[in-house]
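Enquirer: Okay, here's the structure, questions in a sec.
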Amino acid sequence: MKPKTTPLVFTHIPKAAGNTINIIIQRNYLFSKGYFFNSPNVRMMGQFKNLPEHVRRKMAVIKGHLYYGVHKYCPLPVHYFTSLREPLSRAVSEYNYIFTIPHHPNYKELHENQYTLKQLLENGLIKNMDNCQVRFLCGVDDIPFGAVNEEHLQLAIDNLEKRYEQVGIMEAFDESILLFARKFNWATPYYTWQNVNHKKRVRLDELDSETLEMLHRFNRYDMVLYEKGKQILQKQIEAAGPGFYDEVAKFRKSNAQLKPFIKARTFFVRYATQAKYYMGLQKGS
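Numbering (our numbering), first residue to last: 18 to 302.
As structure tokens, this is what we get:
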């Protein structure tokens, strides 16, 4: 099957299975015509807006850490999709991740000060600790730490319901990617987990009550959005028909059996894709 020809936009919410999904996307579009744009951080939206119109018209894939709103700068209709994650687990995962990535913009400061998760929530250094998923989906830029509100939540829910063609859930990953594959005409989306952090400074089930209360408070809108995402996914599963869960079971079995081959192919896809990237932009074949 051939993937869709108008731009695919993957809103990559940090620590919500995005890197694993990226490999699947790259595998399906590696030899397609057109351009790829990948954003490692939300500040690259400015670079995308400044691309020549004829380049933006030829986009095949736009993916990465970009807030909702990319369509405003695309001459053609786009196909939005995303993946959500249980908010408290996501926030803890991002905290652990930052401590292990030297090129992360906050790595040095976190290491120099050895901030605990509670201190990071108190000082507001990392905006993504405050309702990250609402931030990415509401379409409002530069919301100060602690300022996400009910209005932003409703905007995010409206976008999720009306503008996103598919909504995945990390905790139902196999179901999600099979639905992505159906919707966007991908090949069978075999995968191995990418960017898994095994060096955990803290674990959600080990947090003290005060830190856990703060984590809940700063992710309360994400919790509502996440529940909405689960409802949307469930409707998509029901619409897929009565045989869908059998398809999921067969996929899981095949994916486990093919794991060594998938790992080798993933290495090739990463190498081939990175060889073409320059300043976030990749030209397809």
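Ideal placement from N, C-alpha and C gives every residue a C-beta, glycine not left out. Since the model is a prediction, treat every value here as computed from it, not as a measurement.
1. Ignore the nearest five residues each way along the sequence and tell me which others in F153's own chain have a CB closer than 7 Å to its CB.
2. The alpha helix (DSSP H) that contains Y112, what's its start and end?
3. Using the C-alpha atoms, what's the distance from E227 back to M296?
4. Is it a yes or a no for the stretch 42 to 54 touching the stretch 108 to 127, going by three-plus beta-carbon pairs under 8 Å?
5. Based on DSSP bridge pairs, tell me the residues matched to G12.
6. Alpha carbon to alpha carbon, what distance is there between K247 and V241?
7. Going by DSSP, which residues form a beta bridge with G304?
8. Within this structure, are the beta carbons of I254 and Y207 separated by less than 7 Å?
9. Got a sec? Which residues, its chain only, sit under 7 Å from A189 by beta carbon, not counting five neighbours each side?
10. Let me make sure I understand the geometry here. Which of L138, Q131 and F162 has the alpha-carbon closest to that of L229?
11. Within 10 angstroms of its Cβ, does H128 collect 16 or more other Cβ (buried), or is it exposed?
12. Can you tell me the Cα-Cα spacing of V59 and F261, whole angstroms?
13. Is it buried or exposed, R44, if we count other Cβ atoms within 10 angstroms and call 16 or more buried?
14. Can you name, in chain order, every residue of its own chain whose Cβ lies under 6 Å from the Cβ of N113, other than the five neighbours on each side?
15. Are the Cβ atoms of V109 and L221 separated by less than 7 Å?
16. Bridge partners of M76, per DSSP?
Expert: Here's the rundown:
1. By 1-based counting over the sequence shown, the position of residue 153 is 136. Answer for F153: T28, I30, Y84 and Y85, listed in chain order.
2. As a working mapping, residue 112 is identified with position 95 in the sequence shown. P104 to I115 is the extent of the alpha helix (DSSP H) around Y112.
3. Reading the sequence shown from its first residue, position 279 is the one you call residue 296. Reading the sequence shown from its first residue, position 210 is the one you call residue 227. Low confidence applies to M296: its pLDDT is 42, below 50, so where it sits in the model is not reliable, and the reading given next is rough at best. Those two C-alpha atoms are separated by around 42 Å.
4. No, the stretch 42 to 54 is not in contact with the stretch 108 to 127.
5. The chain is shown only over 18 to 302; residue 12 falls outside these bounds and no answer can be derived.
6. As a first step, residue 241 must be located in the sequence shown, where it is residue number 224. As a first step, residue 247 must be located in the sequence shown, where it is residue number 230. Cα to Cα, V241 sits roughly 10 Å from K247.
7. Summary: the structure shown does not reach residue 304, with the chain confined to residues 18 through 302, and so no result is reported for it.
8. Counted from its first residue, the sequence shown places residue 254 at position 237. Counted from its first residue, the sequence shown places residue 207 at position 190. Taking a C-beta distance under 7 Å as the contact criterion, I254 and Y207 do not qualify as a contact pair.
9. Locating residue 189 in the sequence shown gives position 172, counting from the first residue. Cβ within range, chain order: L250.
10. As a position in the sequence shown, residue 229 is number 212, starting the count at 1. Considering only alpha carbons, the answer is L138.
11. Along the sequence shown, one-based indexing puts residue 128 at 111. Exposed is the call here.
12. Position 42 of the sequence shown, counted from the start, is the residue given in the question as residue 59. Position 244 of the sequence shown, counted from the start, is the residue given in the question as residue 261. About 35 Å.
13. As a working note, residue 44 is residue 27 in the sequence shown. R44 should be labelled buried.
14. Along the sequence shown, one-based indexing puts residue 113 at 96. Cβ within range, chain order: N214, K217 and R218.
15. Numbered from its first residue, the sequence shown carries residue 109 at position 92. Numbered from its first residue, the sequence shown carries residue 221 at position 204. At a Cβ-Cβ threshold of 7 Å, V109 and L221 count as neighbours.
16. Mapped onto the sequence shown, residue 76 falls at position 59. DSSP lists Y52 as partners of M76.
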